[in-house]
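The sequence shown begins at -15 in the working numbering and counts up by one.
In this text, a Cβ means the ideal position worked out from N, Cα and C, and glycines have one as well.
Shown next, in structure tokens, is the structure this report addresses.
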Amino acid sequence: MTFHYTDPDDDHLRVEPLRTEDGPHIALRIPCDHNDIAAVRVPVDRVEELIAGLRDTARDAAKKRP
């Protein structure tokens, strides 16, 4: 299963399963200039850590600034 997200500026994020010699991962892929794709591989046993980090960052972004 592949997850797709498009933000209001029409930027895209694709999250897909990936199998490597190092084991199972998810790949976070973002299209860049000239048809390149930036990618980050996250081992499946660290996905919860990634999600926790995203939640912490979202909470920080939502805080009211003086």
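- The shortest C-alpha to C-alpha distance from residue 15 to any of -5, 7, -15, 44 is the one to -5.
- Sequence-distant partners of residue 9 (beyond 5 residues in either direction) whose C-beta falls short of 7 Å from its own C-beta, in its chain, are 2, 25, 26, 27, 28.
- Of 6, 4, 5, 13, the smallest CA-CA separation from residue -10 is found for 13.
- Between the alpha carbons of residue 7 and residue 49 lies a distance of about 42 Å.
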